[in-house]
Structure formats: C-alpha cells, structure tokens
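Participant: Below you will find the structure I want to go over with you.
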Amino acid sequence: MKIDIDIMTRYLHRMRNQPGWASLNEVATSMNMDRATSRRYTKTAEEWELIERQHLENQPTQIQATKKLIKLEPGEVRKIVQANCQDF
105 MKIDIDIMTR YLHRMRNQPG WASLNEVATS MNMDRATSRR YTKTAEEWEL
155 IERQHLENQP TQIQATKKLI KLEPGEVRKI VQANCQDF
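Using my numbering, the first residue of the sequence shown is number 105, and each one after it goes up by one.
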C-alpha cells in the first residue's frame with residue numbers, strides 16, 4: 105500500500121486544524137481524494153494513532169485528530185509521516 109508523504113502530511117494537517125469531528129466524505133472532497141484513497145489514508149492514520157473514527161447509526165462516518173496529533177508541532181507531523189512511511 106503506497107502512501108504519498110506529501111498527501112498524508114496535508115491530510116494530517118487538515119485534521120489537526122479541524123475542531124472536533126468532521127465527515128470523512130467532506131474531508132475527502134476538500135482534499136480532492138476519491139473514497140478509496142480517503143479510507144486508505146484514514147485507516148493508516150488510525151494505525152498510527154493520529155486519527156480516530158466513529159460511525160453512528162444512520163450518520164456518515166466521522167473522523168477527528170487524536171490528542172497525540174494535536175500535540176505535535178507543525179514540523180513534527182511531516183517527520184512522523186516520513187518515519188512511518190519507511191515501513192511501507
């Protein structure tokens with residue numbers, strides 16, 4: 105599974121700056137991602153414990169940044185992505 109470092113960094117910054125929960129589809133649309141790509145990046149960020157996801161009955165899937173992501177300095181986000189992408 106190929107993860108683009110630039111896209112993942114932008115995605116995490118987008119979520120880091122998002123107050124509270126956001127619709128997964130809205131985030132994908134705002135980043136010009138298709139649904140499959142959005143799910144892949146969300147799943148990866150969840151594995152890294154940087155994004156959490158919730159799905160309530162009859163509601164779209166929502167995501168938000170974890171405290172771990174929010175605590176990172178802007179420059180640290182890219183370093184985390186680069187370090188984790190070496191595993192792929």
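For glycine and all other residues, C-beta sits at the position ideal for the given N, C-alpha and C.
(1) So, at 8 Å on beta carbons, what are the nonlocal neighbours of Glu150 in its own chain, with the 5 sequence-adjacent residues on each side left out?
(2) Are Leu160 and Gln168 touching if we call contact CB-CB under 9 Å?
(3) Rounded to whole angstroms, what is the Cα-Cα separation between Tyr115 and Met135?
(4) Kindly indicate which residue of Leu128, Ser142, Thr133 and Ala126 has the alpha-carbon position closest to the one of Lys106.
(5) Assuming Gln190 is part of the alpha helix (DSSP H), what are its boundary residues?
Facilitator: Let me lay it out:
(1) Counted from its first residue, the sequence shown places residue 150 at position 46. Contacts found: Glu156 and Arg157.
(2) Looking up residue 160 in the sequence shown gives position 56. Looking up residue 168 in the sequence shown gives position 64. Contact: no.
(3) The count along the sequence shown starts at 1 and reaches residue 115 at position 11. The count along the sequence shown starts at 1 and reaches residue 135 at position 31. Distance between the alpha carbons of Tyr115 and Met135 is about 7 Å.
(4) Taking the first residue of the sequence shown as position 1, residue 106 is located at position 2. It is Ser142 whose Cα lies nearest to the Cα of Lys106.
(5) As a working note, residue 190 is residue 86 in the sequence shown. Premise fails: Gln190 is in no alpha helix (DSSP H) and is neither H nor E.
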